[in-house]
Amino acid sequence: MSTLPRAPADGLHESASAPDFLTPATAPGSAGVVAPKDLRGVADLPTDERPVGAKQTAIYVYDMPVRAWHWVNALCIVVLAITGYLIANPPAAAPGEAFERSLMGNIRLIHFTAGQILAIALLARFVWMFFGNRYAHQLFCPPIWRRQWWAEVWFEAKWYAFLVRDPKKYIGHNPFAALMMFAFFVLPCVFMVLSGMALYSMGTGVDSWQHAAFGWMLTLFGNPMTLQTLHHLGMWVLVIFSILHIYAAIHEEMWSRQSMISTIVSGWRMFRDNAR
Amino acid sequence: MLARETFYDVIRRQGISRRSFAKFCTLTAASMGLGEAHAATIAHAMETKPRIPVLWLHGLECTCCSESFIRSAHPLVRDVVLSMISLDYNDTLMAAAGHQAEAILDEIREEYKGNYIAAVEGNPPLNEDGMYCISGGRPFVEKLKEVCGDAKAVISWGSCASWGCVQAARPNPTQATPVHKVITDKPVIKVPGCPPIAEVMTGVITYIVTFDRLPTLDAQGRPLMFYSQRVHDKCYRRPHFNAGQFAETFDDEGARKGYCLYKVGCRGPTTYNACSTVRWNEGVSFPIQSGHGCVGCSEDAFWDNGPFYDRLAKVGAFGIESNADRIGLAAAGVVTAGIAAHAALSAVKRMVHKPGVGAEDKNLASLDGEPK
Chain A
1 MSTLPRAPAD GLHESASAPD FLTPATAPGS AGVVAPKDLR GVADLPTDER
51 PVGAKQTAIY VYDMPVRAWH WVNALCIVVL AITGYLIANP PAAAPGEAFE
101 RSLMGNIRLI HFTAGQILAI ALLARFVWMF FGNRYAHQLF CPPIWRRQWW
151 AEVWFEAKWY AFLVRDPKKY IGHNPFAALM MFAFFVLPCV FMVLSGMALY
201 SMGTGVDSWQ HAAFGWMLTL FGNPMTLQTL HHLGMWVLVI FSILHIYAAI
251 HEEMWSRQSM ISTIVSGWRM FRDNAR
Chain B
277 MLARETFYDV IRRQGISRRS FAKFCTLTAA SMGLGEAHAA TIAHAMETKP
327 RIPVLWLHGL ECTCCSESFI RSAHPLVRDV VLSMISLDYN DTLMAAAGHQ
377 AEAILDEIRE EYKGNYIAAV EGNPPLNEDG MYCISGGRPF VEKLKEVCGD
427 AKAVISWGSC ASWGCVQAAR PNPTQATPVH KVITDKPVIK VPGCPPIAEV
477 MTGVITYIVT FDRLPTLDAQ GRPLMFYSQR VHDKCYRRPH FNAGQFAETF
527 DDEGARKGYC LYKVGCRGPT TYNACSTVRW NEGVSFPIQS GHGCVGCSED
577 AFWDNGPFYD RLAKVGAFGI ESNADRIGLA AAGVVTAGIA AHAALSAVKR
627 MVHKPGVGAE DKNLASLDGE PK
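From first to last, the protein sequence lines are chains A and B. In terms of our numbering, the first sequence is residues 1 to 276. In terms of our numbering, the second sequence is residues 277 to 648.
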């Protein structure tokens, strides 16, 4: 982790002085070394030789565990939404001896398995915020106590509402996205894990560890039936979030000033108008 | 004055033979799942312990709990009422009436302070100072607080006393309130159900009398021996659930074949009760066996989780009653339409305003989303 490139400490990536990590790693303690002529561009120059106005063009934002978690989580949500819908509205199995088929049993098994993978992955992702790079905790900790941050949320909201012409550039989540992510993904996801484990504990029994750990959820909302209804509504919240999330990613990729979709694949955030 | 007789004294006085008494003890031990050895424990308890006085109060209720109770087969309610407990007050069953009946309440409270059981059927409505339920000429809530105040423990019979039931369903105009929210300083044993199973009711009483302690309760105050598993867990139609064989309507082939009633709204998977094991009317049947799904009558707020014939409870939102799927699908549709419009507008904007042309540099310096 310590070898990962670091963004400037002041949180502004567009500062006049170039960040250290763009200094060639090959420079053996000398600030005067210049990259080979054919490779001479913008980012390979030592600080003091960089032309005025040069800007970094790519920053490593999503480290490998974050990207791996994102895709595992996405797959789990797809599987969970489909199997969850089928548990509430089960398809009919062929008639005949009940012991010969296990359609509902298999759907539920897949749901429970995917749910527990999602739960463990979410927990691991949470722990990673203490070990990952400086962007790793953005998902869980939107700085809602900062006035400046809310101003940025408002600015981004205006950009999405076509009220400003040019968007800003953000290395991590833009504040509006971070807020949406926290309110419509992190919180619902935590609720789905807690309620899902509580509903699962009804099957494992009142003397199981699942019931000891999550059974309180069964009574928090009055009765298990209500919790089941809320769990079902939670699925729709996550489905709608996914639709918005995918659209926002495409929208940002096409019309913002930084890369989005390729970033969650490679980890690198590109700022396409920096080099001009 | 009520004599402090032991159970055995009473039983023998009624002409029941020693042999019949032994049979009763064995049957009771078996019905509670205690095994042979405990028949002797029960017999010993009955021979040595004085009968526990029980004051049975009726608040806002329909008497279905009493109706169920008097049909108990193992043990017979006759044995419970006449031998095991001293049912000193039950305004539906007792012979005394009026002031004579009400006087018994005070008498027991003084004589057996802290040593009697208050069994409550129904609940007190708290709105208008309790005026929606008058018992013995005064608000029931006052009587309840008085009688429960000196009791050893309180039994909440049925869903009314345990959760509130139909009179507490939305919008609950009388503010009917379950017993445990009014009586907060005594152990309250909830025996929910609308009504509870007769054998569960007598089983709870027999346990308390026999072992002189309250049964182990779950987090919500229900005896674990009867409420630790769902109707679903012991349902004889469960194999059809796992297989995916469901009755789609009440008159289709699946219903005739006895398939799972999940899709016609069975609440068994979310209902903790002993129906599928103890069953009803001397173990003759229970709702699912009769071809009707469980309505979840022993769960909190089951009236508000209708309709009874749909797996997804209705969700009241924006003045419309709908279910989670219809709401979710409608919201997803609206969001998708909004996205299409937004995408179209974004494309138009891009055509009108090419990026990089005259972009203001003042917008370039930005937060990375997380100032540190």
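Backbone N, C-alpha and C define an ideal beta-carbon position, used for all residues, glycine too.
Neighbourhood of residue i by C-beta distance below 7 Å, restricted to the same chain and skipping five residues each side
i, result
"R257/A", "P167, K169, F271, R272, D273"
"R101/A", "A93, A94"
"T324/B", "T282"
"Y388/B", "P329"
"L588/B", "N599, A600, D601"
"R269/A", "A58, I59, V61, I171, Q258, S259, T263"
"E524/B", "G530, K539"
"D285/B", "none"
"F214/A", "L194, M197, A198, S201"
"M181/A", "L139, H173"
"Y483/B", "M308, P491"
"G412/B", "E378, K419"
Residues that residue i contacts on chain A, provided the C-beta gap is smaller than 9 Å
i, result
"H629/B", "R165, D166"
"S504/B", "G205, V206, D207"
"K299/B", "Per Cβ cutoff of 9 Å: no residues; K299/B is ~33 Å from chain A at best."
"K539/B", "N89, P90, A92"
"L588/B", "A88, N89, Q228, T229, H232"
Residue nearest to residue i in terms of C-alpha spacing, selected from the options
i, options, result
"V540/B", "T57/A, N89/A, F155/A, L75/A", "N89/A"
"M501/B", "G569/B, L331/B, G309/B", "G309/B"
"F241/A", "C409/B, G425/B, A607/B, L336/B", "A607/B"
"P326/B", "I287/B, P454/B, A613/B, L490/B", "I287/B"
"L490/B", "C573/B, I465/B, P400/B", "I465/B"
"H456/B", "A623/B, A394/B, G604/B", "A394/B"
"C436/B", "P400/B, K462/B, A427/B", "P400/B"
Endpoints, the alpha helix (DSSP H) within which residue i is located
i, result
"M197/A", "187–204"
"D601/B", "600–628"
"L80/A", "64–88"
"I481/B", "474–487"
"P175/A", "175–181"
"S296/B", "294–307"
"P224/A", "224–255"
"Y160/A", "147–160"
"Y284/B", "283–289"
Enclosing beta strand (DSSP E) for residue i [first to last residue]
i, result
"Y392/B", "Here Y392/B belongs to no beta strand (DSSP E), and DSSP marks it neither H nor E."
"R385/B", "Taken as a continuous stretch (DSSP letters only), R385/B belongs to no beta strand (DSSP E), being part of the alpha helix (DSSP H) at 374–387."
"N366/B", "361–366"
"R269/A", "268–270"
"K168/A", "First-last for K168/A: undefined, no H or E at that position."
"V430/B", "429–433"
Other residues of its chain near residue i: CB distance less than 6 Å, five sequence neighbours each side excluded
i, result
"H314/B", "A305"
"I261/A", "A249, E253"
Residues of its chain near residue i, where Cβ-Cβ distance is below 8 Å and the 5 sequence neighbours each way are ignored
i, result
"L303/B", "H350, P351"
"A121/A", "W69, V72, N73, C76"
"V353/B", "F345, I346, R347, A474, T478"
"H629/B", "none"
"L369/B", "W332, S342, I346, V357, L363"
Neighbouring residues, chain B, relative to residue i (Cβ below 7 Å)
i, result
"W209/A", "Chain B residues near W209/A: none, gap ~15 Å exceeds 7 Å."
"Q228/A", "T546"
"F162/A", "L621, K625"
Amino acids of chain B, ordered along the chain, whose beta-carbon sits closer than 8 Å to that of residue i
i, result
"V239/A", "G604, A608"
"H111/A", "Ordered by position in chain B, no residue passes the 8 Å Cβ test against H111/A, which lies about 14 Å from the chain."
Contacts that residue i makes with chain A (C-beta to C-beta distance below 8 Å)
i, result
"V591/B", "T229, L233"
"N581/B", "N223, M225, T226, T229"
Neighbour list for residue i in chain A, Cβ cutoff strictly below 7 Å
i, result
"R532/B", "Going along chain A, no residue has its Cβ under 7 Å from R532/B, so there is no contact; the nearest lies around 11 Å."
"A600/B", "T229, H232, L233, W236"
Partner residues on chain B for residue i, Cβ-Cβ distance less than 9 Å
i, result
"W128/A", "Here the premise fails: no neighbours, minimum Cβ distance about 15 Å."
Contact with chain E by residue i, beta-carbon distance below 9 Å
i, result
"W556/B", "Here the protein chains are A and B, and chain E is not one of them."
Open item on the list: Please list, in chain order, the residues of the region 242–269 of chain A that have any C-beta partner in chain B closer than 7 Å.
Closed with: Within the region 242–269 of chain A, the residues whose Cβ lies closer than 7 Å to some Cβ of chain B are I243, L244, Y247, H251, W255, listed in chain order.
TODO: Name, going along the chain, the residues of the region 610–626 of chain B whose beta-carbon falls closer than 8 Å to a beta-carbon of chain A.
DONE: Only those residues of the region 610–626 of chain B whose C-beta falls short of 8 Å from the nearest C-beta of chain A are listed: V611, T612, I615, H618, A619, L621, S622, K625, R626.
TODO: Determine which residues of the region 90–108 of chain A have a Cβ less than 9 Å from any Cβ of chain B, and write them out in chain order.
DONE: Those would be P90, P91, A92, A93, A94, P95, G96, E97, A98, F99, E100, R101, S102, L103, M104, G105, N106, I107, R108, in chain order.
- [ ] Taking only beta carbons into account, state which residues of the region 542–557 of chain B come closer than 9 Å to chain A, listed in chain order.
- [x] From the region 542–557 of chain B, only R543, P545, T546, T547, Y548 have a Cβ closer than 9 Å to chain A.
Open item on the list: If the cut-off is 8 Å on Cβ atoms, which residues from the region 513–527 of chain B count as contacting chain A, listed in chain order?
Closed with: So the close ones are P515, H516, F517, N518, A519, G520, Q521, F522, E524.
- [ ] Scan the region 213–224 of chain A for residues whose Cβ lies nearer than 9 Å to a Cβ of chain B and list them as they occur along the chain.
- [x] Within the region 213–224 of chain A, the qualifying residues are G215, W216, L218, T219, G222, N223, P224.
Task: Residues in the region 68–90 of chain A having any Cβ partner in chain B nearer than 9 Å - done: Taking 9 Å as the Cβ-Cβ cut-off against chain B, the residues of the region 68–90 of chain A that qualify are Y85, A88, N89, P90.
Task: Where the region 555–579 of chain B meets chain A: residues whose CB sits under 9 Å from a CB there - done: Flagged, chain order: G572, E575, D576, A577, F578.
TODO: Scan the region 486–500 of chain B for residues whose Cβ lies nearer than 9 Å to a Cβ of chain A and list them as they occur along the chain.
DONE: So the list reads D494, A495, Q496, L500, given in the order they occur along the chain.
Open item on the list: If the cut-off is 9 Å on Cβ atoms, which residues from the region 189–204 of chain A count as contacting chain B, listed in chain order?
Closed with: Within the region 189–204 of chain A, contact with chain B at the beta-carbon level (separation under 9 Å) is assigned to L199, M202, G203.
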